[in-house]
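Add 11 to the 1-based position in the sequence shown for the working numbering, that's all there is to it. Note that beta-carbon positions come from the ideal geometry of N, C-alpha and C, so glycine has one too. Note that the structure is a prediction, hence the values are computed from the model and not measured.
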Amino acid sequence: MRKLFINKWKFISADKVMLNYVFLARRKVVKIIIKL
(Lines of atoms letter the chains of each structure in order from A; the text may use other names.)
(Lines give C-alpha, C1' and ligand atoms only; values in the text may rest on other atoms or scores of the structure.)
Protein backbone atom coordinates (compact mmCIF):
# COMPACT_ATOMS: atom_id res chain seq x y z
CA MET A 12 0.00 0.00 0.00
CA ARG A 13 2.75 2.40 0.95
CA LYS A 14 4.75 1.55 -2.18
CA LEU A 15 1.71 2.31 -4.33
CA PHE A 16 1.29 5.67 -2.58
CA ILE A 17 4.94 6.60 -3.24
CA ASN A 18 4.60 5.64 -6.92
CA LYS A 19 1.44 7.73 -7.21
CA TRP A 20 3.19 10.71 -5.59
CA LYS A 21 6.13 10.40 -8.00
CA PHE A 22 3.71 10.32 -10.93
CA ILE A 23 1.86 13.43 -9.67
CA SER A 24 5.10 15.37 -9.09
CA ALA A 25 6.34 14.40 -12.59
CA ASP A 26 3.02 15.64 -13.98
CA LYS A 27 3.52 18.99 -12.22
CA VAL A 28 7.03 19.28 -13.65
CA MET A 29 5.67 18.62 -17.15
CA LEU A 30 2.98 21.27 -16.70
CA ASN A 31 5.67 23.72 -15.54
CA TYR A 32 7.75 23.06 -18.68
CA VAL A 33 4.68 23.48 -20.90
CA PHE A 34 3.85 26.77 -19.15
CA LEU A 35 7.42 28.11 -19.58
CA ALA A 36 7.56 27.00 -23.22
CA ARG A 37 4.24 28.72 -23.90
CA ARG A 38 5.54 31.96 -22.35
CA LYS A 39 8.64 31.82 -24.53
CA VAL A 40 6.52 31.28 -27.65
CA VAL A 41 4.33 34.25 -26.70
CA LYS A 42 7.43 36.46 -26.23
CA ILE A 43 8.75 35.41 -29.67
CA ILE A 44 5.37 36.20 -31.29
CA ILE A 45 5.33 39.64 -29.60
CA LYS A 46 8.85 40.37 -30.95
CA LEU A 47 7.68 39.55 -34.48
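Three-state class that DSSP yields for residue i in the structure shown
i	result
Leu47	coil
CA-to-CA distance, residue j to residue i, given in whole angstroms
i	j	result
Lys27	Leu47	31 Å
Lys19	Ala25	10 Å
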